[in-house]
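K.L.:
Take this structure first; my questions come after.
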Amino acid sequence: MSQVPHIEAGTTLQLDGSGSGSSVGGNCVWSQKLTTLNGPDVIVAMLAINDTTTTVTPPSDTASLSWTFRASQTGPGNVQIVYYYAIAPAPLPADSVTFGLSSASVATVCLDFGVSGANTNAPFDPNVGMPDKNSGLSTTATLKYNTSNPNDLLMVLEGFCAQGAAGSGSPSGFSLVNAGNVRSSSNCPADGFQSATYSEIVSTTQSSSDVSWPFDTAVSPFAVIGDAIQSAPGPLSASVTAGSNAVDVGQLASFSCAGAGGVPPYTYSWTFDDGSTGSGASTTHIYSTPGTMNVACTVTDALGTTADGAVQLTVNPRTTLTSVSCADPFITNRGSTCRVTVTDNSPGTFITPTGTVGLSQTGVTGTFTACILVGTLASATCNSTFTASATGTATISASYPGDSTHTSSSDTESIAVGSALSITSFTASLANVDAGEKVTFTVTTSGGYEALSYSYANLPAGCLSTNTTTLSCYPSSMGNYRVTVTVTDRAMESANATTVLTVGPQRVLGLPQTMGLAVIFGAVVGIGAVLILSIFLTLRRKRRPPALTTG
Numbered sequence: 001m002s003q004v005p006h007i008e009a010g011t012t013l014q015l016d017g018s019g020s021g022s023s024v025g026g027n028c029v030w031s032q033k034l035t036t037l038n039g040p041d042v043i044v045a046m047l048a049i050n051d052t053t054t055t056v057t058p059p060s061d062t063a064s065l066s067w068t069f070r071a072s073q074t075g076p077g078n079v080q081i082v083y084y085y086a087i088a089p090a091p092l093p094a095d096s097v098t099f100g101l102s103s104a105s106v107a108t109v110c111l112d113f114g115v116s117g118a119n120t121n122a123p124f125d126p127n128v129g130m131p132d133k134n135s136g137l138s139t140t141a142t143l144k145y146n147t148s149n150p151n152d153l154l155m156v157l158e159g160f161c162a163q164g165a166a167g168s169g170s171p172s173g174f175s176l177v178n179a180g181n182v183r184s185s186s187n188c189p190a191d192g193f194q195s196a197t198y199s200e201i202v203s204t205t206q207s208s209s210d211v212s213w214p215f216d217t218a219v220s221p222f223a224v225i226g227d228a229i230q231s232a233p234g235p236l237s238a239s240v241t242a243g244s245n246a247v248d249v250g251q252l253a254s255f256s257c258a259g260a261g262g263v264p265p266y267t268y269s270w271t272f273d274d275g276s277t278g279s280g281a282s283t284t285h286i287y288s289t290p291g292t293m294n295v296a297c298t299v300t301d302a303l304g305t306t307a308d309g310a311v312q313l314t315v316n317p318r319t320t321l322t323s324v325s326c327a328d329p330f331i332t333n334r335g336s337t338c339r340v341t342v343t344d345n346s347p348g349t350f351i352t353p354t355g356t357v358g359l360s361q362t363g364v365t366g367t368f369t370a371c372i373l374v375g376t377l378a379s380a381t382c383n384s385t386f387t388a389s390a391t392g393t394a395t396i397s398a399s400y401p402g403d404s405t406h407t408s409s410s411d412t413e414s415i416a417v418g419s420a421l422s423i424t425s426f427t428a429s430l431a432n433v434d435a436g437e438k439v440t441f442t443v444t445t446s447g448g449y450e451a452l453s454y455s456y457a458n459l460p461a462g463c464l465s466t467n468t469t470t471l472s473c474y475p476s477s478m479g480n481y482r483v484t485v486t487v488t489d490r491a492m493e494s495a496n497a498t499t500v501l502t503v504g505p506q507r508v509l510g511l512p513q514t515m516g517l518a519v520i521f522g523a524v525v526g527i528g529a530v531l532i533l534s535i536f537l538t539l540r541r542k543r544r545p546p547a548l549t550t551g
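Going by this note's numbering, the first residue of the sequence shown is number 1, and it counts up by one from there.
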C-alpha cells in the first residue's frame, strides 16, 4: 500500500488525500480512509473486481456525497474496473465509500483520492477522446490522451491479475497515487489481484499522447482507464483586440474577443458605440461617421456569468485629394474655365465628397464663380470661371474644406495671364505709289494668345497676301485701295486695321509724274498729226490732172 501525502490548499490542480482497501468476499473494506484538507474537491472512487459478471451500483459514503458514474472497463481473465466521482464541497474527515455489488463472492480492491483546484462545475476535460480505455493479455498497458485544456490532471486507473512475480510498473511521467492488492481465487496466482492509480499534472494540451508502461513480468489480463480532470476556472474575463487602432470612415474594422476563466463554452456579443451590435468571437464593422469609438465585447460562459472587455478605436474622416486645372487661354477680362476634382482617397467603400470648393488667386487681380461639387462616384467635380483683370503670373489655389466624412485638401496651379489681342499700327511705306513701284505694308500688335497669323485683303493687282508682319509688293494697277490686315491668335480672337494706298500710272524715262504725262500727251498728239498729214498728201497726189504731153 502507498499513499500520496496531503497538499496544502491552493488555486491550481493538486492531489488532496487518498484512501485504499480490499476484500475477498463481500464489500471492499477501507484500510486507509480518505481525509482531505480542501473544498470543494473532486473525489474519484475506483473499484477493481476479480470478476466480469458482477455488477456495481452507485456507491454511498459517510459524507453523503452524490456519486456519478464515469467509466468502466472489462478485461479478460476475470478483471473489471469501474469508477465514480463526486463533488465534496468541504474537507472530508476519514470518509468511507461503500460500493453495491451484485455478488459477494468476489475479490475487490478499492481506491479513492481527492483533487483540489478542479473545475467542480465541469470536472473532466471536454475532449471527446477522454476517457480512454484499454484491456487485454500483455505485460504492457497503453493509453492515449487527447485534451482540450492545457491545465489538466491526467490519471491512470489500473486493475490486473498478476501472473508474474513483480507488481505494476509506473507510467513514464506519472506518479503513484495509491495502490492495493489482495490474494484472490486460483485465477490470480502469485501476487494476487492488484490495482493502482497514477497522476500527472500537465500545462499543455495533449494530442494523441501515448503512455505505455510494463505492469508485470509475465503476460497478465488487465484493464486500464485514462482520464483528465480539468482545473478550476479563474474569474471570467474578456480580452478585446482591434485589427488597427484607427480606421477611416467606410473602412472595414476588425475585432476579436477572447474569453478566459469561467466555464466554457463562451458566447460573445458586441456593441460598436454607434448604435450597432454584433456577435461572435471575431467580427467586423464599418463606421459611417468619424469619432472616438468605445468598442465593447461581453463574454458569457456556460453558467451565464458575464464579463466585459473594450477597446478604443479612432475613426478618422476619409482622406481626399484635390486637383485644379485651368483651361487656356488666359486673357484679361476674358473668362477661363478652372476645373476642380476632389477624390475620396481612403481604402474601403468610397463616399462621394460634397460641398463647395474655395478658389483664390495671387499675382493678379480677378474673380471666380462658385464651384459646387457634383458627382456620384469616388470623385466629384466642379467648374469655376476665372476672369483676370490684369496681366501677370497667377497662382490659382483650390481649397476643399471637407465635409462630415472627409478631410480637407487643396491644390495649386500657376498660369500666365496676357492681354487681349490688338493692332497697334498698320502702315504702308508709301501712301501714293506709281504702278510698278515697290510698297511695303507693316503691322505691329500687342497681346493675344500664343502664335499669331496674318492675312491681307483689298490689295491691288501685283500684291498677294502672306502670313507675315510685313508685306512687300509692286502694285500693277492704278486706283485707290483700302488695304485691310486681319490678325488672329491661337484662341481664334481677331483684330483688324486698314490703311489707304493710291496707285498712279507708271513713270516715263524716270521723269517726274507730271512731266511724264505731258511728254506722253505730246507724243500722242505729234504722232496723230503726222498721221493726218500723211493721209492728206496721199489724197492730193491722186487728184492731180495728167501732165500735158507734147508731140
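By construction, the Cβ of each residue, glycine as well, lies at the ideal position given by its N, Cα and C atoms.
1) Once the 5 residues before and after threonine 356 are set aside, which same chain residues still bring their CB inside 6 Å of it?
2) Taking C-beta to C-beta, are glycine 277 and phenylalanine 255 nearer than 8 Å?
3) Buried or exposed, going by whether 16 or more other CB atoms sit within 10 Å of the CB of lysine 438?
4) Could you check the C-alpha separation between asparagine 119 and proline 40 for me, to the nearest Å?
5) Cβ of valine 249 within 8 Å of Cβ of valine 315?
6) Give the DSSP bridge partners of glycine 114, in chain order.
7) Apart from the five residues on each side of it in sequence, which residues of its chain come closer than 6 Å, Cβ to Cβ, to valine 340?
8) Alpha carbon to alpha carbon, what distance is there between serine 476 and serine 465?
9) In the structure shown, what three-state DSSP assignment does serine 245 receive?
10) Between the Cα of threonine 412 and those of Thr349, Ala86, Gly366 and Tyr400, spot the shortest distance and give me the residue it belongs to.
11) Quick check on the burial criterion: 16 or more other C-beta atoms within 10 angstroms. Buried or exposed for glutamine 312?
12) Might you give, ordered along the chain, the residues of its own chain that have their beta carbon closer than 7 Å to the beta carbon of glycine 169, omitting 5 neighbours on each side?
13) Are there 16 or more other CB atoms within 10 angstroms of the CB of threonine 550, so buried, or fewer, so exposed?
14) Please list, in chain order, all residues of the same chain as valine 524 whose beta carbon is under 7 Å from its beta carbon, the five residues on each side excluded.
15) For the candidate residues Pro58, Thr52 and Leu37, whose alpha-carbon lies nearest to that of proline 89?
16) Where threonine 343 and proline 290 are concerned, what is the direct C-alpha to C-alpha distance, given to the nearest angstrom?
17) CA-CA distance, glutamine 163 and serine 116?
18) So is proline 233 buried or exposed if we call it buried at 16+ other beta carbons inside 10 Å?
19) How would you call methionine 130, buried or exposed, if buried means at least 16 neighbouring beta carbons within 10 angstroms?
20) Quick check: the stretch 216-227 against the stretch 75-84, are there 3 or more CB pairs under 8 Å?
21) Starting from phenylalanine 99, trace the beta strand (DSSP E) in both directions and tell me its first and last residue.
22) What's the gap between the Cα of serine 409 and the Cα of valine 364?
23) Which runs of the beta strand (DSSP E) fall wholly inside the stretch 429-469 and span at least 3 residues, in chain order?
24) Can you tell me whether phenylalanine 386 is buried or exposed? The criterion is at least 16 other CB atoms within 10 Å of its CB, across all chains shown.
25) Whose C-beta lies closer than 7 Å to the C-beta of leucine 447 among residues of the same chain, with five residues either side of it excluded?
26) Measure the alpha-carbon distance for alanine 428 versus tyrosine 449 and round it to whole angstroms.
27) Note down, in chain order, each residue of its chain lying with its Cβ closer than 6 Å to the Cβ of cysteine 110, except the 5 sequence neighbours on either side.
28) Identify whether cysteine 28 lies in helix, strand or coil by the three-state DSSP scheme.
29) Taking 8 Å as the limit between beta carbons, can you name the residues of its chain near threonine 405, skipping five residues before and five after?
30) Could you name the residues that DSSP lists as bridge partners for alanine 380?
31) Among Cys326, Gly19 and Gly479, which one has its Cα closest to the Cα of serine 96?
32) For a minimum of 3 consecutive residues, which ranges assigned as the beta strand (DSSP E) are wholly contained in the stretch 304-356?
33) Judging by CA-CA distance, which residue of Ala461, Ala495 and Gly173 is the nearest neighbour of glycine 479?
34) Evaluate the contact criterion for the stretch 268-282 versus the stretch 324-337: three or more CB pairs, one atom per stretch, below 8 Å.
35) Do you know whose CA, among Asn181, Gly26 and Cys257, lies nearest serine 195's CA?
36) According to DSSP, is leucine 13 part of a helix, a strand, or is it coil?
P.N.:
Quick look at the numbers:
1) Ile372
2) This sequence places threonine at residue 277; glycine is not what is there. Cβ distance not < 8 Å, so threonine 277 and phenylalanine 255 don't count as in contact.
3) exposed
4) 9 Å
5) yes
6) Ile43
7) Val324, Val357, Cys371, Cys382 and Ala398
8) 15 Å
9) This sequence places asparagine at residue 245; serine is not what is there. Here asparagine 245 sits in coil by DSSP.
10) Tyr400
11) exposed
12) Trp213, Pro214 and Phe215
13) Any answer about threonine 550 is weak, because its pLDDT of 31 lies below 50 and its placement is not dependable; what the coordinates show is given next. Threonine 550 should be labelled exposed.
14) Low confidence applies here, because valine 524 scores a pLDDT of 49, under 50, leaving its location unreliable; read the following figure in that light. Nothing listed; no residue qualifies.
15) Leu37
16) 18 Å
17) 36 Å
18) buried
19) buried
20) yes
21) 97-101
22) 23 Å
23) 432-434, 439-446 and 453-457
24) buried
25) Note that residue 447 corresponds to glycine in the displayed sequence, not to leucine. Contacts found: Gly418, Ser419, Ala420, Leu421 and Ser422.
26) 26 Å
27) Gly21, Cys28 and Leu47
28) coil
29) Val249, Gly250, Ser288, Thr289, Pro290, Pro317, Arg318 and Ile351
30) Val342
31) Gly19
32) 306-316, 320-326 and 336-344
33) Ala461
34) no
35) Asn181
36) coil
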